[in-house]
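Residues 334 to 697, numbered by my numbering, are exactly what the sequence shown covers, in order.
The beta carbon of each residue, even a glycine, is placed where N, CA and C say it ideally should be.
What you are looking at is a predicted structure, and each value in this text was computed from that prediction instead of being measured.
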Amino acid sequence: GDPAQGAPAFAEKARLIVAKAASCQGYSRKVLDHPSQTVRYTAVHSGLLRPEDAREAFLSNESSRKLKKFLVSCDQLPCDNDVLEHAKRLFGDQDVELMWRILTRAKDEHVVKTWLRHGSVIFKWLDDANSDTYIEGLPQLASRFPSVMIQLVRDNILRWKWYWVMGILQKDPVAVLRAVFMEMPNSRGTGPILANRRGSEKRQDFRQSLASWGWRHQPEAMLQIVRDSGDDEGDLVVKWLMEVTSTRQYLSMNQKIGYLVTAFTQLEESRKTKQRCLNFCYLLPMDVHAGRKGELQNLIQAFWTMVSHVGRNSRKEILVDNDTQPQACSDFLKAFAKRLPPELAVEQFFRILEEFEATAGAYK
């Protein structure tokens, strides 16, 4: 137990309780040197310590190491270069996590960049701690300094982690979306953990989870990414659009089809190739119920809108027979027909063939 405990310590703790109830800011300063460790701990964590008093006590040579450890976890202790330098001298390489706790309260971007530079003690600790474990304070730091966190990923100091990326998405979502899908398409990340109906948990793919969030919350930014990305990356981002299943900020099938069409029609003319058109059309939904007439009409309209944006020769190759690739066209027509109820499939099939006066072989 605490040898200094007893009536004096009990009385001082009672005074701290009364001071807290009365919101007497600054009261804690007078008992930071109390002989009772329990009183000192209560004083530090009572919320009555002013930032300047916490800083003064932490930098003071008269304060004990134990008190300074208490102050590290005190929200009132501000973060600046002097405080961090003192913490480095005090704790060294043995308790770098204590320095990290201070840094997570930083309000100055320069301070964060300085203490997370390559080779620093916190850099090394963070690099070692950068596993699937939760790093306390990282979400708050990310929400305050999005650009710093993104740069740390670029520098391979951090990997994308869903729990802290969400902090940036609330403040600067476009920066994260463009960094992941355009600037660093090969960067690694850890997605959220979702529980299935059986109660078991599964880690989700980070990039697909982010694409799902982006299409539901920032569709214009995602469309811009598709327009500015390479064909392979753009097609993958659109594929993830059609696979969105989250019920948070729910996307209806009609919304998905609308974004799919816009993603294709906004492309530069030189990129609206036959193959790209086929790739997008293959993403149109399967098994739409015959009773969902609105979705079916949107699906049909989407098909014709995308096909109308390619050149006439490419459109003819997509819609009807091609002497050099007859089977490819046949496969495409079958794929389109499978997305429609029988009566609509027949109607669209003959509309396609009549569009370019297809040969008899195409009808077969």
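Secondary structure note for residue 535: it is in no alpha helix (DSSP H), and the uninterrupted beta strand (DSSP E) holding it is 534-536.
Counting the other Cβ atoms within 10 Å of the Cβ of residue 650 gives 16 or more, which makes it buried. Ranked by Cα distance from residue 353, the options 379, 344, 498 are led by 379. A check of alpha carbon separations from residue 409 across 400, 386, 620 identifies 386 as the nearest.
Taking the Cα of residue 433 as reference, the smallest distance to any Cα among 544, 417, 393, 543 is reached at 417. With a 10 Å radius around the Cβ and a threshold of 16 neighbouring Cβ atoms, residue 345 comes out buried.
With fewer than 16 other Cβ atoms from the protein chains shown falling within 10 Å of its own Cβ, residue 608 counts as exposed. With a 10 Å radius around the Cβ and a threshold of 16 neighbouring Cβ atoms, residue 359 comes out exposed. Closest in C-alpha terms to residue 667, from the list 647, 619, 623, 630, comes 619. Less than 9 Å separates the beta-carbon of residue 497 from that of residue 472. Around the CB of residue 567, 16 or more other CB atoms lie within 10 Å, so the residue is classed as buried.
Secondary structure note for residue 475: its alpha helix (DSSP H) is the uninterrupted segment 471-477. Of all alpha-carbon atoms in 627, 512, 419, the one lying nearest the alpha-carbon of residue 396 is that of 419. In this structure, the straight-line span from the alpha carbon of residue 384 to that of residue 544 is close to 41 Å.
Closest in C-alpha terms to residue 565, from the list 680, 519, 523, comes 519. With fewer than 16 other CB atoms across the displayed protein chains lying within 10 angstroms of its CB, residue 356 is exposed.
With distances taken between CA atoms, residue 474 lies nearest to 449 out of 604, 488, 427, 449. Around the beta carbon of residue 681, 16 or more other beta carbons sit within 10 angstroms, so the residue counts as buried. Using a 10 angstroms sphere on the CB of residue 583, the tally of other CB atoms stays under 16, which defines it as exposed. Per DSSP, the beta bridge partners of residue 493 are 522. The C-alpha of residue 638 lies about 18 Å from the C-alpha of residue 559. Of the residues 621, 548, 468, the one whose Cα lies closest to the Cα of residue 514 is 548.
Beta-bridge annotation (DSSP): residue 528 is paired with 534.
Just so you know, the alpha carbons of residue 362 and residue 391 end up roughly 12 Å apart. In this structure the stretch 531-538 does not lie against the stretch 498-517, because fewer than three pairs of beta carbons, one per stretch, are closer than 8 Å. Close CB contacts of residue 512 within its chain, under the 6 Å cut and outside five residues either way in sequence, are with 483 (chain order).
About 16 Å separates the beta carbons of residue 451 and residue 426, which is beyond the 8 Å limit, so they are not a contact pair.
Considering only 478, 415, 470, the residue with the shortest C-alpha distance to residue 441 is 478.
With fewer than 16 other CB atoms across the displayed protein chains lying within 10 angstroms of its CB, residue 684 is exposed.
In the structure shown, residue 370 adopts helical secondary structure according to DSSP, grouped into three states. Excluding sequence positions up to five before and after residue 429, its CB lies within less than 7 Å of the CB of 454, 455, 458, all in the same chain and listed in chain order.
Residue state for residue 394 is assigned as coil, using DSSP reduced to three classes. Ranking 414, 374, 596 by CA distance to the CA of residue 402 puts 374 first.
In its chain, beyond the 5 residues on either side, 523, 524, 525, 539, 542 have a beta carbon closer than 7 Å to the beta carbon of residue 495. Per DSSP, residue 431 is one residue of the alpha helix (DSSP H) stretching across 429-436.
One alpha carbon belongs to residue 613, the other to residue 501, and they sit about 31 Å apart.
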